[in-house]
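J.:
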Amino acid sequence: MNKLELFELPNFRGASTCLEGDQSDLSSVGFLQRAQSLKVCGDPWIVFTDVNYNAQFKAFVEGDYSSLSGWNKAICSARIVSGGLDEFQITLHENANYKGKSVTLTNQADSLKAYGFNNAARSQNKVIGAWALYSQENYHGMHKVTLTDDDIPNYQSANWGFTVRSLKPVTP
């Protein structure tokens with residue numbers, strides 16, 4: 001069973017809540033920006049400092065984290081990484097709806113120009129693991145995290161507000 005247990009205080013004390021699936025807004029379970037320790041059972045989880053899986057992020061693998069060093073009272077949303085963080089793959093497409101040039105990556109890319117893209121990718125599929133995708137080269141600008149099986153036919157329609165110019169696997 002996969003779960004993320006969040007605790008209000010360090011050392012697994014105080015009120016707690018247990019997640020067994022993605023949670024886009026921890027206020028719905030009364031735990032927005034409250035966690036100061038956590039436990040992961042099963043597959044890894046990625047937590048975010050804003051709702052809807054936005055802003056800063058951090059991956060946690062199976063284990064007990066008695067303190068969150070720099071992440072105290074910061075977690076606002078969380079996603080489970082089905083299948084883990086041991087294998088990474090993503091297929092990017094130059095145009096929306098999986099059209100145009102495509103490239104399947106298993107490692108980071110500081111620029112998609114090296115793959116013959118006309119500056120950026122606009123859709124993705126065949127995702128394994130977790131990836132951080134950036135609006136600018138060299139992992140700068142706006143970013144989003146995408147996980148296993150997140151097929152996105154059009155970044156603009158998905159309200160990303162940018163096309164992808166660089167990306168790298170998310171590791172703990």
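If you're matching positions, the sequence shown starts at 1 in full-length UniProt numbering and goes up one per residue.
Note that CB positions come from ideal geometry on N, CA and C, so glycine has one too.
Please return the same chain residues whose Cβ sits closer than 6 Å to the Cβ of residue 83, not counting the five positions on each side in sequence.
T.: 148
J.: From which residue to which residue does the beta strand (DSSP E) around residue 116 run?
T.: Taken as a continuous stretch (DSSP letters only), residue 116 belongs to no beta strand (DSSP E), as it is neither H nor E.
J.: Inspect the beta-carbon positions of residue 172 and residue 61 and report whether they are closer than 8 Å.
T.: yes
J.: Sorted by chain position, which residues of the same chain lie with C-beta nearer than 6 Å to residue 59's C-beta, five sequence neighbours on each side aside?
T.: 44, 46, 170, 172
J.: Spatial neighbours of residue 66 within its chain, please: CB distance less than 7 Å, with the 5 preceding and 5 following residues excluded, ordered by chain position.
T.: Taking C-beta separations shorter than 7 Å and ignoring five residues to either side along the sequence, the partners of residue 66 in its chain run 10, 11, 12, 37, following chain order.
J.: Assign residue 29 to buried or exposed, taking buried as 16 or more other Cβ atoms, counted over all protein chains shown, within 10 Å of its Cβ.
T.: Residue 29 comes out exposed.
J.: Near residue 54, which residues of its chain fall below 7 Å by C-beta distance, leaving aside the five closest residues on each side in sequence?
T.: 48
J.: Is it right to say residue 146 is buried, meaning 16 or more other beta carbons lie within 10 angstroms of its own, or is it exposed?
T.: buried
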